[in-house]
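Undergrad: For this note's numbering, count along the sequence shown from 1 and bump the result up by 2.
So that we are looking at the same thing, I have put the structure below in structure tokens.
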Amino acid sequence: MRVGLLGGSFDPVHVGHLAMAELARDRAGFDQVWMVPAAHPPHKPGASLAGFHYRLDMLQLALAGHETLRPEPIESSLNPPSYTLQTVKALRERHPDHRFSLVMGSDTLHDFPNWHKSLELAEMLESIVVMPRPGSPVNHVDANRQDARIGTSTRVLADMPILEISSTWLRSAIASGRSVRFLIPRAVEQFIKEHGLYGYESGTPARGSG
Numbered sequence: 003m004r005v006g007l008l009g010g011s012f013d014p015v016h017v018g019h020l021a022m023a024e025l026a027r028d029r030a031g032f033d034q035v036w037m038v039p040a041a042h043p044p045h046k047p048g049a050s051l052a053g054f055h056y057r058l059d060m061l062q063l064a065l066a067g068h069e070t071l072r073p074e075p076i077e078s079s080l081n082p083p084s085y086t087l088q089t090v091k092a093l094r095e096r097h098p099d100h101r102f103s104l105v106m107g108s109d110t111l112h113d114f115p116n117w118h119k120s121l122e123l124a125e126m127l128e129s130i131v132v133m134p135r136p137g138s139p140v141n142h143v144d145a146n147r148q149d150a151r152i153g154t155s156t157r158v159l160a161d162m163p164i165l166e167i168s169s170t171w172l173r174s175a176i177a178s179g180r181s182v183r184f185l186i187p188r189a190v191e192q193f194i195k196e197h198g199l200y201g202y203e204s205g206t207p208a209r210g211s212g
């Protein structure tokens, strides 16, 4: 099975994340895309995230009924910090018959050589699939240069719509009592209200331990 891995904090998951996963699955020909919530993201040390299991529950609600998209909770069982290298290693051990690729935004691609043991990580991947992001143009020339630097195939899906939605903005909007309808799945919006996440009730960001 060919699997695309889309990692992130998903704090909260929104329609931009979901569109990115589905478009990558369709255009890159993956059998499935697994959305991997970060347990202890190394680029956000000390960050106050909603509890891991809150974020996982929201992903499960958002992906309910979509057989080709699924949440992957593996990072909850790995030692911190949540380096992508150890995540992919663990997934390969559990699923030796699968071929894994990373799905990332063009803003992330430029920084990939600086990731923890990026060359070792690249050797474990079938490919890197790149989606356009606002303010971070990337083309096939950039991808070819990146191939030479990291030693894996980089595929740019340039004909993608750019959905400029920010989880940071959503958290602020929720805390301020503003509408986020149609920007996050309805079931996720209801979950946030029920659990008082992101300061929904008090106007002060609420962070659970999950």
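Beta carbons: idealized from backbone N, C-alpha and C, even for Gly.
Among 61, 173, 172 and 104, which has the Cα closest to the Cα of residue 32?
TA: 104
Undergrad: In terms of residues, what are the limits of the alpha helix (DSSP H) holding residue 130?
TA: In this chain, residue 130 is not harboured by any alpha helix (DSSP H); it is covered by the beta strand (DSSP E) spanning 129-133.
Undergrad: Taking a contact to mean a Cβ-Cβ separation below 7 Å, would you say residue 37 touches residue 73 in this structure?
TA: Cβ distance < 7 Å, so residue 37 and residue 73 count as in contact.
Undergrad: Closest by CA to residue 177, which one among 193, 192, 118 and 200?
TA: Ranking the options by Cα distance to residue 177, first place goes to 200.
Undergrad: Among 202, 155 and 163, which residue has its Cα nearest to the Cα of residue 172?
TA: 202
Undergrad: Using 10 angstroms around the beta-carbon of residue 193, count the other beta-carbons present and answer buried if the total reaches 16, otherwise exposed.
TA: Per the 10 Å Cβ criterion, buried.
Undergrad: Jot down the residue ranges of each uninterrupted alpha helix (DSSP H) in the segment 162-195, minimum 4 residues, whole runs only, in chain order.
TA: 169-177
Undergrad: Given residue 92, which residues of its chain have a CB within under 7 Å of its CB, disregarding the five upstream and five downstream residues?
TA: The answer, listed in chain order, is 76 and 80.
Undergrad: Compare the beta carbon distance of residue 169 and residue 13 with 7 Å and say whether it is the shorter of the two.
TA: yes
Undergrad: What does DSSP give as the partner residues of residue 39 in its beta bridges?
TA: 10
Undergrad: Measuring CA to CA, which of 107, 88 and 111 is closest to residue 122?
TA: 88
Undergrad: In whole angstroms, what separates the C-alpha of residue 20 from that of residue 109?
TA: Each residue's CA atom was taken as its position, placing residue 20 and residue 109 some 18 Å apart.
Undergrad: Quick one: residues in its chain with C-beta nearer than 8 Å to the C-beta of residue 100, no 5 flanking neighbours on either side, listed in chain order?
TA: These residues qualify, in order along the chain: 3, 4, 5, 93 and 94.
Undergrad: In the DSSP assignment, find the unbroken alpha helix (DSSP H) run with residue 106 in it and report its ends.
TA: No alpha helix (DSSP H) contains residue 106, which is instead part of the beta strand (DSSP E) from 101-107.
Undergrad: In angstroms, rounded to a whole number, what distance separates the CA positions of residue 17 and residue 183?
TA: 10 Å
Undergrad: Can you give the Cα-Cα distance for residue 61 and residue 7, rounded to whole angstroms?
TA: Residue 7 has its alpha-carbon roughly 14 Å from the corresponding atom of residue 61.
Undergrad: Helix, strand or coil, according to DSSP, for residue 89 in the structure here?
TA: Residue 89 falls in the helix class under three-state DSSP.
Undergrad: Using only the alpha-carbon positions, how far apart do residue 15 and residue 54 sit?
TA: 12 Å
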